[in-house]
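Student: Converting from the sequence shown to the numbering used here requires adding 220 to each position, the first position being numbered 1. By construction, the Cβ of each residue, glycine as well, lies at the ideal position given by its N, Cα and C atoms. In this text, all values refer to a predicted model and were calculated from it rather than measured experimentally.
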Amino acid sequence: MSTPLNSESISTALKSLPDWKHHEDKLSKEFVFKDFRESMSFLMEMAFECESANHHPE
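(1) Once DSSP output is grouped into helix, strand and coil, what is the label at LEU247?
(2) Rounded to whole angstroms, what is the Cα-Cα separation between THR223 and ASP255?
(3) Give the straight-line distance between the Cα atoms of SER248 and PRO238, rounded to the nearest whole angstrom.
(4) So PHE253 is in the alpha helix (DSSP H); what residue range does that whole segment cover?
(5) Residues bridged to HIS242 by DSSP?
(6) Taking the alpha carbon of GLU244 as the point to measure from, which residue in PHE251, MET266, ASN274, ASN226 has its own alpha carbon closest?
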């Protein structure tokens, strides 16, 4: 199992990830889509990526 990053390491890493935020031990980013179909396509793509990496975010 991986060791969690400390706040300083997270802040450093986020400098290279535009629009991502760190708040209360959580990472977040807002995505905006033109319509429902585009948003669902994104979710399906993310689901397949998560499954292939055996990573199931909460």
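Tutor: Once the coordinates are examined:
(1) To locate residue 247, count along the sequence shown from 1; it is residue 27. Three-state DSSP puts LEU247 in a strand.
(2) Here residue 223 corresponds to residue number 3 of the sequence shown, with the count starting at 1. Here residue 255 corresponds to residue number 35 of the sequence shown, with the count starting at 1. Distance between the alpha carbons of THR223 and ASP255: 38 angstroms.
(3) Along the sequence shown, one-based indexing puts residue 248 at 28. Along the sequence shown, one-based indexing puts residue 238 at 18. Approximately 11 angstroms between the Cα atoms of the pair.
(4) Position 33 of the sequence shown holds residue 253. Per DSSP, PHE253 belongs to no alpha helix (DSSP H) and is neither H nor E.
(5) Along the sequence shown, read from residue 1 onward, the residue named residue 242 stands at position 22. LEU247, per the DSSP bridge assignment.
(6) Start at 1 with the first residue of the sequence shown, and residue 244 comes out as number 24. Of the candidates PHE251, MET266, ASN274, ASN226, the one whose C-alpha sits nearest the C-alpha of GLU244 is ASN226.
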